[in-house]
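Here is the structure we will look at, set down as structure tokens.
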Amino acid sequence: MRYSKHMFKKYIWFIFASLILAGCATSSSTTNTKVERGFGESVSDSALNTRIKTRLVKNSEINAGKIDVDVYKGEVTLNGEVFSNHEKATAIRVTKETPGVRKVISRLRVVQGR
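Written out as structure tokens, the structure reads:
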């Protein structure tokens with residue numbers, strides 16, 4: 043009988059300690075303002091990035107070599123240089139029309155000369 047009481051106390055302390063540690067982990071994760079991407083989101087963003095770059099390269103109106111594409115949770119940021127407002131608008135349109143894109147932020151700059 044004494045053995046079972048001793049084991050029971052160990053289990054109670056183990057459960058208690060586990061709950062305390064779980065509470066600490068939850069507390070720190072809810073106070074952290076930085077939102078991390080999970081593995082699935084990273085893969086989805088990477089696939090979306092590839093689809094966008096492919097569509098930009100295939101479009102003859104865009105010099106895609108000068109455009110950087112960054113994707114975070116479906117939000118796309120375009121950085122780089124284009125040679126006209128038409129090229130800029132086309133790059134933005136092609137990006138917006140890509141399935142999976144939730145938002146497009148353009149930081150494209152129009153530069154003179156070709």
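Note that the sequence shown covers residues 43 to 156 in this note's numbering. Backbone N, C-alpha and C define an ideal beta-carbon position, used for all residues, glycine too. Bear in mind the structure is a predicted one, so any value in this text is a computation, not a measurement.
Short Cβ contact (8 angstroms threshold) for residue i with residue j
i, j, result
"glycine 142", "leucine 90", "yes"
"leucine 120", "valine 113", "no"
"lysine 100", "glutamate 123", "no"
"isoleucine 104", "glutamate 129", "yes"
Residue i, enclosing alpha helix (DSSP H) - first and last residue
i, result
"asparagine 127", "127-138"
Sheet register partners of residue i (DSSP bridge)
i, result
"lysine 145", "Glu117"
"leucine 150", "Gly122"
"aspartate 112", "Thr119"
Cα-Cα separation between residue i and residue j, rounded to whole angstroms
i, j, result
"lysine 146", "alanine 131", "Sequence check: residue 146 is valine here, not lysine. Each residue's Cα considered, the two are about 12 angstroms apart."
"threonine 137", "valine 152", "17 angstroms"
"serine 69", "lysine 115", "In this prediction, serine 69 has a pLDDT of 44, which is less than 50 and means its spatial position is unreliable; what the coordinates show is noted afterwards. Each residue's alpha carbon lies about 24 angstroms from the other."
"serine 86", "threonine 92", "10 angstroms"
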